[in-house]
Amino acid sequence: MAELKEDPAVTNFRKYLRINTVQPNPNYAEASSYFKSLAAELELPYKTVQVVSGKDMCIITWTGQQPNLSSVLLYSHIDVVPVFPEHWRVDPFSAEKIDGNIYARGSQDMKCVGIQYIEAIRRLKKEGRKFQRTIHIMFGPDEEIGGMGGMGTFYKMDEFKQLNIGFALDEGIANPEEAFRVFYGERNCWWCTVICPGDPGHGSAILKNTAAEKFNKVINSFLSFRREQEERLESNPNLTLGDVTTVNLTMVEGGVQMNVIPAEMKASFDIRIPPTVNLEEFEKKINMWCKEAGEGIRIVYPVRGMSQDITSISSEDKWWAAFSSACSNQNMKIQTEIFPAATDSRFVRSCGIPAIGFSPMNYTPILLHDHNEYLNEDIFLRGIEIYQEIIPALANVQ
Amino acid sequence: MGEDSAVSLFREYLRIKTVQPDVDYSKSVAFLQRVAKDIGLQFKSFEVAPKKPICIMTWEGLEPSLPSILLSSHIDVVPVFPEHWRVDPFSAEKIDGNIYARGSQDMKCVSIQYMEAIRRIKSSGKRLLRTLHLVFTSDEEIGSTPQSLFVHHDEFKKLNVGFALDEGIANPGEEFRVFYGERSIWWVRVECQGQPGHGSQFIENTAAQKIQKVINRFLSFRDEEEKRLKSDESLSLGHVTTVNMTMMDGGIQFNVVPAQLSVGFDIRVSPYVDLDEFEKQIATWCHQAGPDVSYTFVVKGCHQELTSIDKSDPWWSAFHRSCLNMDLKIQTEIFPAGTDSRFIRKCGIPAIGFSPMNYTPILLHDHNEYLNEDIFLRGIEIYQEIIPALANVQRF
Ligand SMILES: [Zn+2]
Ligand SMILES: [Zn+2]
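Protein chains in written order, with UniProt numbering: chain A, 1 to 398; chain B, 1 to 396.
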């Protein structure tokens with residue numbers, strides 16, 4: 001049977017997926033030249049702004065009829081998280097399509113959205129549509145490693161202010177059910193490394209004050225708190241993941257050789273705290289766990305978000321009204337939530353700019369950061385149609 | 001007052017750097033050859049593996065057909081952190097009679113004491129019944145591979161060893177510690193596989209949950225054994241099984257729930273423990289921690305041979321009697337760590353671990369390792385009694 005011709009939007013999506021932008025060494029140069037070629041196709045200006053060496057914000061701009069009005073930002077990050085190829089059914093950068101499902105790292109998080117913005121704009125332009133507000137399609141680096149090489153630095157730069165952004169769209173999460181998930185705030189992300197010092201010695205001895213004992217107590221305290229929060233979430237159907245604090249032990253490190261009791265062991269945790277939690281109190285709790293585990297324990301926070309900004313989802317808000325009525329016009333069920341993880345939206349919200357996290361993927365299992373991440377091509381194509389409604393609504397907000 | 005020539009020789013030997021890793025043994029071999037010639041002992045050295053020498057000095061006995069006495073010591077020493085030392089660890093500086101150097105206790109002292117004792121016995125004109133072999137081994141501190149090869153080598157069989165002396169440990173008290181067995185070394189690595197995902201989620205079946213259970217199991221066993229040791233005065237460290245979590249690794253980045261975390265334990269299994277049962281115990285702990293938890297042995301020693309410390313044993317009675325003759329208080333123990341002796345005992349040859357260092361803080365592998373010169377010199381006198389007693393054990 002001859003294969004039906006693939007929609008060119010799908011082909012563009014798969015092309016983008018094949019550009020290896022996996023952390024820790026993403027190929028941003030290749031991605032940038034790809035965006036440049038897409039901008040040329042759209043006949044829109046393309047520019048890059050260097051954030052740090054080798055890391056640029058890539059911006060395609062469609063100037064509105066009233067360029068002095070604040071603009072609409074369509075944002076996506078370029079990088080993707082690492083893979084364990086041995087657990088994948090296909091090469092994670094081949095973007096193979098099996099039964100209509102496109103398998104690739106980044107297929108959900110979030111190269112789909114980047115191309116959906118492009119393809120929606122392509123169609124709107126083709127229809128000869130014109131909007132009041134300027135639209136910026138922006139691709140940013142390093143979201144997956146904290147954003148410091150991307151939006152986390154860019155939002156403080158003059159070039160960001162010059163974009164005069166009034167409202168932003170950014171990533172959401174898939175949902176296996178019918179409803180589309182819409183995020184109006186996010187939990188604060190704390191990355192916390194607990195360093196347990198101890199007396200070193202020979203591996204055959206019984207020593208007091210070892211790093212191992214402290215490490216053991218530390219992980220027990222953190223992980224039993226994890227259990228409590230998990231139970232809280234399970235026992236209350238009104239809560240979503242964004243409403244509880246999650247804790248994950250993601251990295252451990254320590255030791256010199258098998259027969260040497262080490263002088264130090266480290267445990268690193270990824271903690272996500274909902275905007276309703278008092279951050280000072282929470283820090284005290286962590287300090288207490290560490291104090292109880294023994295002497296000399298130090299805590300460092302490579303990332304410690306302290307912003308608790310929330311975007312309005314009140315019907316009186318003109319941006320929210322535009323977004324939500326575009327959804328209801330298409331009979332989409334939406335479900336508003338706090339984003340369980342951190343996205344680059346937090347930087348945007350901290351400037352007082354409203355931002356909504358939304359990736360149009362319903363009927364799709366949540367596979368971001370997981371093995372065999374995929375997106376169905378029909379869901380992907382439907383997403384373009386959805387943006388064809390949402391983008392004009394936002395860009396025509398009075 | 002001039003320094004005793006034995007002390008000078010000891011300090012000279014300490015200054016030859018034989019620190020792990022990648023030891024250059026050539027200078028030590030030349031040193032030993034020179035001393036052997038000086039004392040009038042036969043000398044032989046050969047490599048059991050590339051750059052891993054074994055040196056043998058021999059003093060033939062009056063009845064060379066009788067099984068011989070092996071005086072064993074290793075040449076290498078463990079690494080140093082010079083910033084924690086009061087002197088250069090390879091300068092062998094003497095401060096208030098204490099000789100500071102890596103290897104001063106573990107165990108260059110014993111090598112020189114063997115040689116100096118024999119020098120004195122020889123120069124007194126005595127002859128001994130049995131042949132003496134002084135064997136100097138390499139790489140003991142990183143697992144004794146050369147010794148493990150040597151005991152299967154023809155050169156070892158030719159020695160026809162009947163009894164061996166090897167290293168012991170210092171004691172701050174009056175007693176000399178005497179070791180008649182040692183614990184088996186098990187280096188166990190436990191790998192926990194789990195469901196990966198984003199660090200912001202609650203994922204079931206994670207590697208972290210499993211490693212937590214594994215660590216809790218192993219460390220609570222550690223606590224039990226520590227309690228057992230403390231509650232029974234007749235037990236020494238060698239009688240209990242120790243567990244230390246020494247290695248830990250896993251994870252890729254902060255926001256990725258890892259697919260694998262692993263942990264390494266240094267376990268020293270008491271010779272009184274049934275090794276098969278103990279392994280089953282480890283397997284159960286891993287099994288109970290969840291699916292996809294596996295363990296591997298980096299090292300799995302099986303060294304449960306004990307040297308007789310029964311009065312009826314001719315070797316032990318010779319050793320023990322000569323200690324009594326000198327009014328030495330001794331304390332018999334299981335060696336808490338691993339030594340070259342385990343390979344000798346494995347061949348069915350009795351071996352005693354003994355480093356004559358009483359009134360000496362335990363500083364092996366520690367910063368500022370030292371040995372007092374008077375203790376060192378007294379050790380030579382002790383060997384002047386023990387070595388003839390062993391070498392004159394009658395045919396039995
Ligand atoms: Zn993302
Ligand atoms: Zn030693």
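In this text, a Cβ means the ideal position worked out from N, Cα and C, and glycines have one as well.
**OP:** For A:Ala355, write down the residues that DSSP places opposite it in a beta bridge.
**Re:** A:Ala168
**OP:** Would you decide whether A:Lys214 is buried or exposed? Buried here means 16 or more other CB atoms lie within 10 Å of its CB.
**Re:** buried
Original post:
For the candidate residues B:Leu149, B:Thr18, B:Phe319 and B:His367, whose alpha-carbon lies nearest to that of B:Ser308?
Top reply: B:Phe319
**OP:** Report the rounded CA-to-CA distance for B:Asn242 versus A:Ile145, giving the unit in angstroms.
**Re:** A small fix is needed here, since residue 242 of chain B is Thr in this sequence, not Asn. Whole-angstrom Cα-Cα distance: 40 Å.
Original post:
Around the Cβ of B:Thr246, are there at least 16 other Cβ atoms within 10 angstroms (buried) or fewer (exposed)?
Top reply: buried
**OP:** Could you please give the first and the last residue of the uninterrupted alpha helix (DSSP H) stretch that includes A:Tyr117?
**Re:** Lys111 to Lys126
**OP:** Tell me B:Asn372's beta-bridge partners as DSSP assigns them.
**Re:** B:Asn98
Subject >> Separation of A:Asn25 from A:Met1, as counted between CA atoms >> reply: Low per-residue confidence applies at A:Met1: pLDDT is 42, beneath 50, and the placement is therefore not dependable enough to give any value.
Original post:
Counting contacts by CB-CB distance shorter than 8 Å, is B:Glu226 in contact with chain A?
Top reply: yes
Original post:
What is the rounded straight-line gap between the Cα of B:Arg345 and the Cα of B:Leu364?
Top reply: 23 Å
Subject >> Assigned exposure category for B:Asn171 - 16 Cβ within 10 Å defines buried >> reply: buried
Original post:
If you measure from each residue's Cβ to the nearest non-hydrogen atom of ligand 1, which ones come out under 6 Å, in chain order?
Top reply: A:His77, A:Asp109, A:Met110, A:Glu143 and A:Glu171
Subject >> Burial state of A:Tyr301, where buried means 16 or more other Cβ atoms lie within 10 Å >> reply: exposed
Subject >> Of the residues B:Glu155, B:Val161 and B:Val257, the one placed nearest A:Thr250, counting alpha carbons only >> reply: B:Val257
**OP:** Using a Cβ cut-off of 8 Å, pull out every chain A residue sitting near B:Pro336, in sequence order please.
**Re:** Ser204 and Ala205
**OP:** Name, please, each residue of chain B whose Cβ falls closer than 9 Å to the Cβ of A:Pro82.
**Re:** Ile252, Gln253 and Val256
Subject >> Beta-carbon spacing of B:Ser317, B:Gly168 below 8 Å >> reply: no
Original post:
Any heavy atom of ligand 2 closer than 7 Å to the Cβ of B:His239?
Top reply: no
Original post:
Closer than 7 Å: is that where the CB of B:Thr339 sits relative to any heavy atom of ligand 2?
Top reply: yes
Original post:
Which of the residues in the segment 11–22 of chain A, read from start to end, lie with their CB under 8 Å from any CB of chain B?
Top reply: none
Original post:
With 16 as the cutoff for other CB atoms within 10 Å, does B:Lys27 come out buried or exposed?
Top reply: exposed
Original post:
Roughly how far, in whole angstroms, is the beta-carbon of A:Arg304 from the beta-carbon of A:Ile195, given that I think they are within contact range, below 8 Å?
Top reply: Actually they do not touch by this definition, with Cβ atoms about 16 Å apart.
Original post:
What is the C-beta distance between A:Glu342 and A:Cys112, in whole angstroms, given that I count them as a contact (C-beta under 8 Å)?
Top reply: Residue identity differs from the one stated: residue 342 of chain A is Ala in this sequence, not Glu. At roughly 19 Å, the Cβ-Cβ gap does not stay under 8 Å, so A:Ala342 and A:Cys112 are not in contact.
**OP:** Please check if any C-beta of chain B sits within less than 8 Å of the C-beta of A:His369.
**Re:** yes
**OP:** Measure the C-alpha to C-alpha separation of A:Pro340 and A:Lys208 and round it to an integer number of angstroms.
**Re:** 40 Å
Original post:
Nearest chain B C-beta to A:Met251 closer than 8 Å, yes or no?
Top reply: yes
**OP:** Give the secondary structure of A:Asp317 by DSSP, where H, G and I count as helix, E and B as strand, and everything else as coil.
**Re:** coil
**OP:** Take B:Asp22 and list the residues in its own chain whose beta-carbon comes closer than 8 Å to its own, dropping the five residues that flank it on each side.
**Re:** none
**OP:** Measure from the alpha carbon of A:Thr48 to the alpha carbon of each residue in A:Glu230, A:Gly150 and A:Ala212, then state which is nearest.
**Re:** A:Gly150
Subject >> Residue-chain proximity (A:Leu381, chain B), Cβ-Cβ < 8 Å >> reply: no
**OP:** State the DSSP-derived secondary structure class of B:Thr246, mapped to helix, strand or coil.
**Re:** strand
**OP:** For B:Gln62, collect the residues of the same chain with a Cβ closer than 6 Å to its Cβ; drop the 5 residues on either side in sequence, then sort them by chain order.
**Re:** Strictly speaking, residue 62 of chain B in this sequence is Leu, with Gln absent from that position. Hits under 6 Å: Arg127 and Leu129.
Original post:
Got a sec: is the Cβ-Cβ distance from A:Met151 to anything in chain B below 8 Å?
Top reply: no
Subject >> Residue from B:Glu279, B:Leu306 and B:Pro361 whose Cα sits closest to the Cα of B:Phe272 >> reply: First, the residue type needs correcting, since residue 272 of chain B is Tyr and not Phe in the sequence shown. It is B:Leu306.
**OP:** Mind checking the segment 251–278 of chain A against chain B and listing, in chain order, the residues whose C-beta falls within less than 7 Å of any C-beta there?
**Re:** Met251, Val252, Glu253, Gly254, Gly255, Met258, Asn259, Val260, Ile261, Pro262, Met265, Ser268, Asp270 and Arg272
Subject >> A:Gly140 - partner residues in DSSP beta bridges >> reply: A:His77
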